[in-house]
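Have a look at the structure below before the remarks.
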Amino acid sequence: MKRKIKTMGTLLVSTAIMASMLAACGSGNNSNTNSNTGTNAEASANTGSNNKADAKTPDTSKKVELTWYLLGDPAKDQAKVTAELNKMLQQDLNTTIKLNFTTWTDWQTKYNLLLASGEKIDMIFASSWADFYKFANQGAFMPLNDLLPTYAPATWSSISEQDWKEATVNDKIYAVPATYPEYTPDGIVYRDDWRQELGLPEITDVNSIEAYLDGVKKSKGVTPINGKAYNEVFTMFKAFQGYQQIGGDSGVIVSKSYDTPRDIVAYPFTPEFEEWVKKMKTWAEKGFWKSDTLSDQKEAGDAIKTGQGAVYWRNAPGAGGFITGLQSSNPDIKMNYFPFSRFHGLTTPTLSVNNAMAIPKSAPNAERSLMVLDKLRNDPKYYDLFNYGIEGTHYSMDADGKHIVTPPAGVEAKGFVGYDIATWGVRVESMERKKQAGGWEGFDALLEEFKSQSKPNIFAQVIMDYAPVKSQQAAVNSVIQQYGMPLMMGLVPDVDKAIATYRKQLEAAGVNDVLKYVQEQANKTFDAQGIK
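Under mature numbering (1 follows the signal peptide of the UniProt record, and there is no 0), read the sequence shown as residues -19 to -1, 1 to 513, first letter to last.
Have a look at this one:
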């Protein structure tokens, strides 16, 4: 998905929605009355076959034109692709579709106005990071439980019970989630050629990371994390402890582990935090990053390209892109990736409703929209056209029949403009065609690793607006920036005194009020989900 990645430093000081188009996610807001209860969703999913058997035959005798909205900007050849799509839809469903786009300029304001205005819209992209739960709570979307078995039977039967749960609010399904799991665990890319050259151990844990950083610093004479280093350190800390972020930006509030989700704490008050920041003080003294790292605006990845750095924070998709880019720009540099998920052998995918399609309550043609969506998700001819464009114009198939090639065979690369729009809401893993062979050869194996240790993301569904503790949260975030970040990076003269000051300032800012609020909202969601 093509969203901007938010750094963890930014997450600590502001609540933002857009979080990684290369790879990581943000979340929308709501008042936390979104009871994503599993009972009715499970019942609905389990009765899918019976519903299909009793389903009426959809009536397509009346020709309709659908109005759909997607995020972002249309592709250069969007009109051509839509014309081809409408030829197929006219023949199969007596339907045409008008695709509208929000553009990326002030997209959120436009999106909110579309749903608030009552404009006649038959389908719209929906996402947790575009306030799906808030809008569903407010009645902006149409419930789909009774419509799906009849008008989207293939989709109804193929989406998992867990994904339907994530699209459920107050016992009603309000969106059709994409079935394309995204894994975005934090981790580090590092120069593996240097590791091998220096005889350093394989990176498997924090101790081997420390040995690597120390070896590079002493033998190569460069600053290992040369630039902004906070992401590398902070995300490593959370992953090493097994802490789970709750409901987007909770600042210092975390669940202590996946297995005990209700054990929610402010981590600066834990002994684990004390031990970690003391270790980071030694790392800072060894020169693993520069003393001005918190004000440095340079990306540590840029220093790797010039031979002046060795380590860079990336999530998994971002790591793949960075390594692939270096293969072209710096083929002499050999990189590897260590995902922090290996600390505990656990990966959680992004919510299925990170990308989804919903039907606004004002939709005049909800049934036909679901029929079109069923085609787009399950018919290869429709899927390829909607996602990749026109074969021969925007892509061609590789000899193996599995990869698409751009530019297509016989088309000059110079001046070629590909087809790329925000069709994330209809993505289906089994229907995807891989981009042409190449890229980082380790990425497919990494995805299989993530899938093998995957558990549902029960924490991202706790989505809060923080309104009752807005002032306290703002004050806490200010304290994190002023006192917490230097402490995390070992940039304080006396760690014990700095810890005491940090805790005192957090309490004065109202951290206990924020903790209480997060605990209450998490418990409500966990109660609704039947999570102990």
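Every residue gets a Cβ at the ideal spot worked out from N, C-alpha and C, and that includes glycine.
Checking the sheet assignment: what are the DSSP bridge partners for residue i?
{"i": "N81", "result": "Y50"}
{"i": "V292", "result": "Y171"}
{"i": "K153", "result": "V150"}
{"i": "Y318", "result": "V170"}
{"i": "S377", "result": "V386"}
{"i": "T76", "result": "V45"}
{"i": "I105", "result": "Y50 and A339"}
Helix, strand or coil for residue i? Go by DSSP, reduced to three states.
{"i": "K356", "result": "helix"}
{"i": "I206", "result": "coil"}
{"i": "K451", "result": "helix"}
{"i": "Y239", "result": "coil"}
{"i": "T328", "result": "strand"}
{"i": "M217", "result": "helix"}
{"i": "Q500", "result": "helix"}
{"i": "P249", "result": "helix"}
{"i": "V197", "result": "helix"}
{"i": "E372", "result": "strand"}
{"i": "F440", "result": "coil"}
{"i": "residue 515", "result": "Nothing can be reported for residue 515, as the shown portion of the chain is limited to -19 through 513."}
{"i": "S333", "result": "helix"}
{"i": "Q510", "result": "helix"}
{"i": "Q225", "result": "strand"}
{"i": "S98", "result": "helix"}
{"i": "F303", "result": "helix"}
{"i": "T41", "result": "coil"}
{"i": "V258", "result": "helix"}
{"i": "A347", "result": "helix"}
{"i": "K286", "result": "helix"}
{"i": "F116", "result": "helix"}
{"i": "M412", "result": "helix"}
{"i": "S310", "result": "helix"}
{"i": "S276", "result": "coil"}
{"i": "P467", "result": "helix"}
Which word fits residue i, buried or exposed, when buried means at least 16 other C-beta atoms lie within 10 angstroms of its C-beta?
{"i": "V398", "result": "exposed"}
{"i": "S42", "result": "exposed"}
{"i": "K262", "result": "buried"}
{"i": "G99", "result": "exposed"}
{"i": "A337", "result": "buried"}
{"i": "Q222", "result": "buried"}
{"i": "K415", "result": "exposed"}
{"i": "P166", "result": "buried"}
{"i": "D127", "result": "exposed"}
{"i": "T48", "result": "buried"}
{"i": "S109", "result": "buried"}
{"i": "E256", "result": "exposed"}
{"i": "L496", "result": "buried"}
{"i": "N188", "result": "exposed"}
{"i": "Q278", "result": "exposed"}
{"i": "E163", "result": "buried"}
{"i": "A509", "result": "buried"}
{"i": "A220", "result": "buried"}
{"i": "G370", "result": "buried"}
{"i": "L307", "result": "buried"}
{"i": "Q442", "result": "buried"}
{"i": "G120", "result": "exposed"}
{"i": "G373", "result": "exposed"}
Report yes if the CB atom of residue i is closer than 8 Å to the CB atom of residue j, and no otherwise.
{"i": "E348", "j": "Y161", "result": "no"}
{"i": "I444", "j": "Y114", "result": "yes"}
{"i": "residue 580", "j": "A281", "result": "No answer is possible for residue 580: it lies beyond the span of the chain, which begins at -19 and ends at 513."}
{"i": "M104", "j": "I402", "result": "no"}
{"i": "V499", "j": "R295", "result": "no"}
{"i": "K237", "j": "V246", "result": "yes"}
{"i": "M378", "j": "Y211", "result": "no"}
{"i": "N207", "j": "G290", "result": "yes"}
{"i": "F82", "j": "D58", "result": "no"}
{"i": "V45", "j": "N346", "result": "yes"}
{"i": "P467", "j": "L179", "result": "no"}
{"i": "M352", "j": "L96", "result": "no"}
{"i": "Q226", "j": "V214", "result": "no"}
{"i": "T136", "j": "V150", "result": "no"}
{"i": "R176", "j": "I285", "result": "no"}
Hey, residue i and residue j are a contact pair by Cβ (cut 8 Å); roughly how many whole angstroms apart?
{"i": "S333", "j": "A148", "result": "7 Å"}
{"i": "Y239", "j": "K436", "result": "7 Å"}
{"i": "W421", "j": "G326", "result": "Not a contact, Cβ separation roughly 22 Å."}
{"i": "Q453", "j": "A490", "result": "6 Å"}
{"i": "T331", "j": "N438", "result": "7 Å"}
{"i": "A133", "j": "L354", "result": "6 Å"}
{"i": "V407", "j": "L357", "result": "5 Å"}
{"i": "G228", "j": "Q502", "result": "7 Å"}
{"i": "V292", "j": "L194", "result": "7 Å"}
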